[in-house]
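Residue numbers (our numbering): 190 to 399. We put the CB at the ideal spot given by N, CA and C, even for glycine. Here the structure is a predicted model, which means the values were calculated and not measured. Worksheet: the structure to be examined is printed underneath.
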């Protein structure tokens, strides 16, 4: 489901990234909030090159007064342009051409987002949620036998960032996600975590009661 990021945690995230990347990172990096919703995570800050995408056009319509300088677009991060690479024709893509060019040109980029939480399952009350995590990224993750991580929307978002970093050979990429802490320590995510840490280094984080 959705978790609308309270300002206190958006501020905490920004402060942590200031320490990691320098106080001027919002001017130096391309920033993509790929699950922007109504822009709670970014609305109180200025970003030189901000891309805000969300699944629902209604959320874009609700948040037109925030981040007016950003490029805002409807986008399904787990289904759209999943095979994009530097040789793609931008006319065939749903992402903005300027974002594609930033990826192709290996511009420094931060993926900064609070992805949706949701596990594909049928719960004890009989509510069927088996289809909520079914998408193109899930199919690819199943091919790599990533087990439980394939069923979680937030790990699917993390994998899509990894895929973009790999397919574009990005050399200065940073991601800050708000996510369920369970996958870090759970043996059910061990294979997913091993490959994640082969590509990215964990610099730090904080915990909150959501």
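Alpha-carbon spacing of residue i relative to residue j, whole angstroms
i: residue 282; j: residue 273; result: 8 Å
i: residue 376; j: residue 349; result: 21 Å
i: residue 313; j: residue 329; result: Because residue 313 sits at a pLDDT of 42, beneath the cut-off of 50, its placement in the model cannot be relied upon, and the following sentence gives the value as read from the coordinates. Residue 313 and residue 329: Cα-Cα distance of roughly 28 Å.
i: residue 351; j: residue 204; result: 24 Å
i: residue 258; j: residue 249; result: 14 Å
i: residue 304; j: residue 217; result: 24 Å
i: residue 202; j: residue 334; result: 32 Å
i: residue 331; j: residue 340; result: 9 Å
Residue i in three-state terms, based on DSSP
i: residue 193; result: coil
i: residue 315; result: Any reading at residue 315 is ruled out, since the residue's pLDDT is 43, under 50, leaving its predicted position unreliable.
i: residue 238; result: strand
i: residue 346; result: helix
i: residue 335; result: coil
i: residue 310; result: Caution is warranted here: a pLDDT of 47 is assigned to residue 310, below 50, making its placement in the model unreliable, and no coordinate value can be reported.
i: residue 222; result: strand
i: residue 323; result: coil
Test item: CB-CB of residue i and residue j under 9 Å
i: residue 380; j: residue 322; result: no
i: residue 302; j: residue 346; result: yes
i: residue 194; j: residue 229; result: yes
Self-check item: Secondary structure, alpha helix (DSSP H): runs of 4+ residues fully inside the segment 255 to 305
Solution: 286 to 293
Self-check item: Runs of beta strand (DSSP E) wholly within the segment 356 to 386 (minimum 3 residues, chain order)
Solution: 362 to 366
Quiz prompt | Inter-stretch contact (C-beta, 8 Å, three-pair minimum) for the segment 260 to 272 and the segment 290 to 298 | solution = no
Practice problem: Answer yes if the segment 236 to 250 comes into contact with the segment 209 to 227, meaning at least three C-beta pairs across the two stretches below 8 Å, and no otherwise. | Solution: yes
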